[in-house]
Amino acid sequence: MPKELEQRVLLAQTDREEANRLISEYLPLIKKQVAGLHHDRADYDDMLSIAMLAFLNAIRAFDGKRGSFLSFAQLHIRSRLIDEFRKTTRAAGNVIPLFPDDEDEKLVRTADETASIKQYNREQERSALVEEIKLI
């Protein structure tokens, strides 16, 4: 089975249909990777999209001489998800005070604007991911 999978992966590097079949077949594995690292249900779909793209990138980057594809793909997906979590954690570093005064009100407004910009950027990234998936 592993040699057969590796042959399919090497074929999928040039055959879009085979790549799509592999993604469909291994979707439970991809979802397991997301569920293992993801705790916020609101962003699950975004993280799943990122994981699916990471799986596709693993197909494209796989070299049969270096070992098992599934191990390679799981590591690739996990690394990409961790990078994404780090990026969003860094971006969410704002603290909003509970009892704002005049000075703090400016900070709250700035934080609200920042949150809106972050939300917009996330939506743009998600749209780009959806478009990238459609092209596959």
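In terms of my numbering, the sequence shown opens at residue -14 and continues consecutively.
Idealized CB from N, CA, C, for every residue including glycine.
Bear in mind the structure is a predicted one, so any value in this text is a computation, not a measurement.
To the nearest angstrom, how far is the alpha carbon of residue i from that of residue j?
i: Glu110; j: Ala(-3); result: 26 Å
i: Gly21; j: Ile44; result: 21 Å
i: Asp30; j: Lys(-12); result: 32 Å
i: Leu114; j: Lys50; result: 30 Å
i: Asn106; j: Ser112; result: 10 Å
i: Val(-6); j: Phe47; result: 8 Å
i: Glu3; j: Leu55; result: 16 Å
May I ask you to report which of helix, strand or coil DSSP gives residue i?
i: Tyr11; result: coil
i: Gly21; result: helix
i: Gln109; result: helix
i: Asp68; result: helix
i: Ser56; result: helix
i: Gln104; result: helix
Need the endpoints of the alpha helix (DSSP H) that residue i sits in, please.
i: Arg45; result: 29 to 46
So that I know if they touch, is there some Cβ in chain D lying closer than 7 Å to that of residue i?
i: Leu(-4); result: In the displayed structure, chain D is absent; only one protein chain is listed.
Is it buried or exposed, residue i, if we count other Cβ atoms within 10 angstroms and call 16 or more buried?
i: Gln59; result: buried
i: Ile35; result: buried
i: Glu122; result: Residue 122 cannot be examined here, being either before or after the span of the chain that is shown, -14 to 121.
i: Glu10; result: exposed
Check each candidate in the options and name the one with the smallest Cα separation from residue i.
i: Arg65; options: Arg51, Phe40, Val(-6), Arg6; result: Phe40
i: Arg63; options: Arg51, Asp0, Leu33, Ser53; result: Leu33
i: Leu120; options: Asn5, Arg51, Tyr11; result: Asn5
i: Gln18; options: Asn106, Thr73, Phe57; result: Phe57
i: Pro124; options: Arg1, Glu(-9), Met37; result: Residue 124 falls outside the range modelled here, since the chain spans only -14 to 121, and no answer is possible.
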